[in-house]
Amino acid sequence: MEVFYGPTDPVVWKPIGEKVYQISLNLECSPCFPDVCQSRECLSETKLFEAFLKVFASL
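Converting from the sequence shown to the working numbering requires adding 56 to each position, the first position being numbered 1.
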């Protein structure tokens with residue numbers, strides 16, 4: 057299972073299971089709250105191809 061994380065904390069919201077893969081930019085400002093951050097770089101800068109490669113590698 058691949059899980060995309062933006063402003064949420066993967067430690068808190070990670071699904072239970074053995075084969076759970078995190079897709080995140082791991083920015084210094086993450087995790088944060090939407091009312092604090094206006095740029096949402098963690099979501100807008102995630103590239104589709106990079107996510108595809110991570111998903112493909114987990115198969």
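Don't be surprised by glycine CBs; every beta carbon is placed ideally from N, CA and C.
Every value quoted in this text rests on a predicted model; they were computed, and no experiment measured them.
Reduced DSSP secondary structure (H/G/I, E/B, other) of Val111: In the structure shown, Val111 falls within a helical segment according to DSSP collapsed to helix, strand and coil.
The alpha helix (DSSP H) enclosing Glu58, as first and last residue numbers: Glu58 -> not in any alpha helix (DSSP H); beta strand (DSSP E) instead, spanning 58-60.
Local Cβ density within 10 Å of Tyr61, reported as buried at 16 or more and exposed below that: Classification of Tyr61: buried, given that the 10 Å Cβ count is 16 or more.
Candidates Met57, Val59, Thr64, of which the one nearest Glu97 by Cα: Comparing Cα-Cα distances from Glu97 to each of Met57, Val59, Thr64, the minimum goes to Thr64.
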